[in-house]
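One structure is given here, and the rest of the page talks about it.
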């Protein structure tokens, strides 16, 4: 679809989203759940349509010569369609966060003060060519009482439009405005520039995609962004570690899924335990084809390691590569994480109470763990029900962002005629 | 003091603040409290120095021909100095928010998930010529485990430097880095531009001052801002209101302090109760010299009112002026607040359960009240201990921002060797 005046088009989208957000904020729980269930039904029913639309996108992507990783992400299978529908049903089953009242206490003045959970308003989601994000993001925003503007990768436009039709149908069946979730009908880049600067219509931007996309958006946006840029996650094997746990976790954190943002990229080992733990651990890595890049002290123990450069400590490999450093103290490990980490997820392996306590307090990451794999940093694993992303920001949500991160709390005051003295 | 290379100076300030923030994040509660108590002691001891420095600022302000409102804000009295010291002692007495763990629950995987409250990092405070903000803001940031960079109005530079000396002395006595609170030694505007764009060194900006300052900063900053722009607060007298309570609250909300951001600026009255409530209420206002500007329906009841224009509904008077509108329903009142309000503080006066419930849910303001004066929207009144400002933003803190708003929560995971399947 060709849209000539992108600015005017986006302003209209924004205006409609803002109007819809007021209706969504007061929508009853059962109505929102009905919409989610109807969307799931439509998606299951339209499986053939969705796969056909996806085939057009895949054909175009092949003509453009896009690589196999890209094609992989773009591809929808019958199972993906079923998972999308299942995801929406799971969101319907979650407790509605909107309107939850907490901490209602009396003050000496006689008024009662508490907080009520409220939607954020209008959420802009910018993502790459993964069509399943469309249903997921729409569902989460809706359940949290927000309106959403979705802008998917241009290569997935046919798939996204087909999913959009199901989403809109669900909204209409439930009696909600079908403008509560708008999927942009243009793939013009100028539309993104409008989206991230329309302060009057958009309250927060959630980018999902590679770090280049996110870095660019966070430089250019003047609307708050919920994001993480990198996942440079560490496991620190303390001198107080249980060796079996250390090996099991360090193996899992690196090798369970290389491409995940919560996979370990750097292993820190205390010098007192390095000679015990590294040989067995490195044998496991070698077996799995993980390339090791170590500092001087670790290469003394495992001479087959390549040499790690300063660059390595800063690198999110997302691949079977691991940098390894031997440290002389817990303080040095924390300092390394503070210097090189990305405030995503870091774990200490230790049986030492004081060390665990210090690590939990002093490591300033969105998830800090003791004796657990960094791979647990995930909305489902944390019991949030689903996640729209992971935030490493300092304000608002930190860590996996689920329904709660798509809401905020306002103050409520209940009185009986009180006035200020 | 003349600083030639503002950019280099600000980079150094930022670098020091970031370094100090790491030490502040792990500072023990008693150390932080000691610093606050020592600051209070120094301020009380140095009363004469502070008043002398303030006299220089006042002299300069008079030479510049600044108006009496300005001079008033700039002036420090013995009582102000005592209040500053008392404020710091009160902050010392507050519970330390840092490290608080909440919601620690087991997951089916065997890991325990919870949240730990953590400092934000480095906070930039930009304020106008009110020297007492210096001690206040420094104390709150410190107690919440943050480093702070303070930039006060140029007209208060001597007063601020004198207070800064006391703050630094307190930090040193407690063994904390004296760079944890840095008060800029330049009044060059370019320093502000650096402060609001040094993403690598500053995590959040809190502006305190007039709306022109805040509007300018929020347009230019690329660091998140905790702010409110306007306080266009409404009281809505519902048809289910108790007339005595309605009159008492509407009087208090407008007249208790005209210049406060939580003072009522527009009164909405249901048509069924307008003839009962408006005559007595308007007599009170007339008596206190409040100018009334009404819509057509309210001017039928009180013909002496001036005519309200569209402009009036958008205006934060901060003065003895009130706009009045008669509405035909609760829905119309909420719609008015949605259209013209500033999401600060709005109150309904009603004895009707369903109306109270609907108003609480549907009014999207940072404080929403039932049968209480809007003037209660304040950190002290809410029991937050102190406030650094009021936020009407959509993300992070909403409403009065105390210690909690200067912190965030990270996830913590406690395991016993668990790995992701």
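Residue numbers (the working numbering), protein chains in the order written: chain A, -13 to 407; chain B, -13 to 407. By construction, the Cβ of each residue, glycine as well, lies at the ideal position given by its N, Cα and C atoms.
Check: In chain order, what residues of the same chain lie with their CB nearer than 7 Å to the CB of residue 305/B, ignoring the 5 residues before and after it?
Finding: Indexing the second chain from 1 puts residue 305/B at position 319. These residues qualify, in order along the chain: 244.
Taking the runs of the alpha helix (DSSP H) that are 4 residues or longer, which of them lie wholly in the region 175 to 260 of chain A? Whole alpha helix (DSSP H) segments, 4+ residues: 175 to 181, 197 to 206, 229 to 241.
Legend entry - Residue range of the beta strand (DSSP E) that includes residue 279/B: Position 293 of the second chain, counted from the start, is the residue given in the question as residue 279/B. 277 to 280 is the span of the beta strand (DSSP E), which, as asked, contains residue 279/B.
Report the neighbours of residue 10/A on chain B: residues whose CB is nearer than 8 Å to its CB, in chain order.
Here residue 10/A refers to the residue found at position 24 of the first chain. Correct list: empty, because the minimum Cβ distance to chain B is about 11 Å.
If we cut at 8 Å on Cβ distances, does residue 253/B have a partner in chain A?
Residue 253/B sits at position 267 when you count from the first residue of the second chain. Answer no: the Cβ-Cβ gap between residue 253/B and chain A never drops below 8 Å.
message = Would residue 61/B and residue 44/B be called neighbours here (beta carbons separated by less than 8 Å)?
response = In the second chain, the residue the question calls residue 61/B occupies position 75. In the second chain, the residue the question calls residue 44/B occupies position 58. Yes, these two residues count as a Cβ contact at 8 Å.
_Beta-carbon gap between residue 320/A and residue 348/A smaller than 8 Å_ = Counting from one through the first chain, the residue named residue 320/A turns up at place 334. Counting from one through the first chain, the residue named residue 348/A turns up at place 362. Yes, these two residues count as a Cβ contact at 8 Å.
For residue 65/B, the three-state DSSP class (helix, strand or coil) = Walking along the second chain from the start, residue 65/B turns up at place 79. If DSSP states are grouped into helix, strand and coil, residue 65/B belongs with the helices.
Is the separation between the beta-carbon of residue 356/A and that of residue 396/B shorter than 8 Å?
What you label residue 356/A is simply residue 370 of the first chain in a count that begins at 1. What you label residue 396/B is simply residue 410 of the second chain in a count that begins at 1. Contact flag unset, no.
query: What does a CB cutoff of less than 7 Å around residue 78/A pick up in its chain, not counting 5 residues either side in sequence?
result: Here residue 78/A refers to the residue found at position 92 of the first chain. Excluding residues within five positions, the ones whose Cβ falls inside 7 Å are 19, 22, 23.
Using a threshold of 7 Å, is the CB atom of residue 11/A nearer than that to any non-hydrogen atom of the ligand GDP?
Among the ligands in the structure shown, none appear at all, so the ligand GDP cannot be discussed.
- Answer with yes or no whether the minimum CB distance from residue 348/B to chain A is below 8 Å. Sequence index remark: in the second chain, residue 348/B carries index 362 (1-based). So yes, residue 348/B belongs to the interface.
Cβ-Cβ separation, residue 378/A to residue 220/A (assumed contact under 8 Å), whole Å: Counted from its first residue, the first chain places residue 220/A at position 234. Counted from its first residue, the first chain places residue 378/A at position 392. The Cβ separation is near 14 Å, so there is no contact.
Cα-Cα separation, residue 308/A to residue 293/A
By one-based count along the first chain, residue 308/A stands at place 322. By one-based count along the first chain, residue 293/A stands at place 307. If I take the Cα positions, the gap works out to 11 Å.
TODO: Report the three-state DSSP secondary structure of residue 457/A (helix, strand or coil).
DONE: Here chain A has residues from -13 to 407 only, and residue 457/A is not among them.
Would you please state the rounded distance, in angstroms, between the beta carbons of residue 147/A and residue 6/A? I believe it to be under 8 Å. The count along the first chain starts at 1 and reaches residue 147/A at position 161. The count along the first chain starts at 1 and reaches residue 6/A at position 20. Actually they are not in contact, since the Cβ atoms of residue 147/A and residue 6/A sit about 19 Å apart, beyond 8 Å.
- Cα-Cα, which of 222/B, 228/B, 194/B is closest to residue 212/B? Taking the second chain and counting its residues from 1, the one referred to as residue 212/B is at position 226. Nearest C-alpha to residue 212/B: 194/B.
Would you tell me roughly how many angstroms separate the C-alpha atoms of residue 262/B and residue 229/B, rounded to the nearest one? Mapped onto the second chain, residue 262/B falls at position 276. Mapped onto the second chain, residue 229/B falls at position 243. Approximately 8 Å between the Cα atoms of the pair.
Problem - residue 409/A, enclosing beta strand (DSSP E) - first and last residue - result: With chain A covering only -13 through 407, there is no way to say anything about residue 409/A.
*asked:* Going by DSSP, what residue range makes up the beta strand (DSSP E) through residue 156/A?
replied: The count along the first chain starts at 1 and reaches residue 156/A at position 170. Unbroken run through residue 156/A is the alpha helix (DSSP H), 143 to 160; no beta strand (DSSP E).
Practice problem: Identify, in the order they occur along the chain, each residue of the same chain with its Cβ nearer than 6 Å to the Cβ of residue 360/B, setting aside the five sequence neighbours on each side. | Solution: Against the second chain, residue 360/B aligns to sequence position 374. Within its own chain, the residues whose Cβ lies closer than 6 Å to the Cβ of residue 360/B, once the five positions on either side in sequence are excluded, are 219, 239, 248, 250, 331, 333, listed in chain order.
Review point. DSSP state of residue 397/B, grouped into three classes?
Key: Taking the first residue of the second chain as position 1, residue 397/B is located at position 411. DSSP places residue 397/B within a strand segment (E or B) once states are collapsed to three.
field: Inter-residue Cα distance where the pair is residue 208/A and residue 202/A
entry: Position 222 of the first chain, counted from the first residue, corresponds to residue 208/A. Position 216 of the first chain, counted from the first residue, corresponds to residue 202/A. Each residue's alpha carbon lies about 12 Å from the other.
key: Supposed contact pair residue 28/A and residue 155/A - C-beta distance, whole angstroms, cut 8 Å   = Counted from its first residue, the first chain places residue 155/A at position 169. Counted from its first residue, the first chain places residue 28/A at position 42. Indeed, because the Cβ distance is near 5 Å, the residues count as touching under 8 Å.
Nonlocal neighbours in the same chain, by C-beta distance under 7 Å from residue 59/B, ignoring five residues either side: As a working note, residue 59/B is residue 73 in the second chain. Result list for residue 59/B: 115, 116, in chain order.
Tell me which residues share the same chain as residue 300/A and place their Cβ nearer than 8 Å to its Cβ, disregarding the 5 neighbours each side in the sequence.
As a working mapping, residue 300/A is identified with position 314 in the first chain. Cβ neighbours of residue 300/A within its own chain (closer than 8 Å, five residues either side excluded): 218, 326.
Kindly list the residues whose CB is nearer than 6 Å to the CB of residue 189/A, restricted to its own chain and excluding five residues on each side of it in sequence; keep chain order. Translated into positions along the first chain, residue 189/A becomes position 203. Cβ within range, chain order: 106, 107, 108.
Short of 7 Å in beta carbon distance, which residues of its chain neighbour residue 17/B, apart from the five on each side in sequence? Order them along the chain. Within the second chain, the letter at position 31 stands for residue 17/B. These residues qualify, in order along the chain: 160, 161, 162.
(Q) So if I threshold CB-CB distances at 7 Å, which residues from the region 369 to 399 of chain A count as touching chain B? (A) Within the region 369 to 399 of chain A, the qualifying residues are 369, 380, 381, 382, 384, 385, 394, 395, 396, 397, 398, 399.
Could you check where the beta strand (DSSP E) with residue 351/B kicks off and where it finishes? Numbered from its first residue, the second chain carries residue 351/B at position 365. Counting along the chain, residue 351/B falls outside any beta strand (DSSP E), and DSSP gives it neither H nor E.
Go ahead and label residue 132/B buried or exposed: buried means 16 or more other beta carbons lie within 10 angstroms of its beta carbon, across all protein chains shown. Residue mapping note: residue 132/B aligns to position 146 of the second chain, counting from 1. It counts as buried.
For the region 168 to 187 of chain B against the region 121 to 137 of chain B, do three or more pairs of beta-carbon atoms, one drawn from each stretch, fall closer than 8 Å, so that the two count as touching? By the Cβ criterion, the region 168 to 187 of chain B is in contact with the region 121 to 137 of chain B, since at least three pairs of Cβ atoms, one from each stretch, lie closer than 8 Å.
Chain B contact residues for residue 352/A, given Cβ-Cβ distances below 8 Å
Against the first chain, residue 352/A aligns to sequence position 366. Correct list: 396, 397.
Next on the checklist: I'd like to check one pair, residue 149/B with residue 120/B: are the Cβ atoms closer than 8 Å?
Outcome noted: Position 134 of the second chain holds residue 120/B. Position 163 of the second chain holds residue 149/B. Cβ distance < 8 Å, so residue 120/B and residue 149/B count as in contact.
Could you tell me which of 178/B, 275/B, 336/B, 260/B sits nearest to residue 227/B, measuring between CA atoms?
-> As a working note, residue 227/B is residue 241 in the second chain. Answer by Cα proximity: 336/B.
Could you compute how far the alpha carbon of residue 287/A sits from the alpha carbon of residue 272/A? For the purposes of this step, residue 287/A is identified with residue 301 of the first chain, where counting begins at 1. For the purposes of this step, residue 272/A is identified with residue 286 of the first chain, where counting begins at 1. C-alpha separation (whole angstroms): 15 Å.
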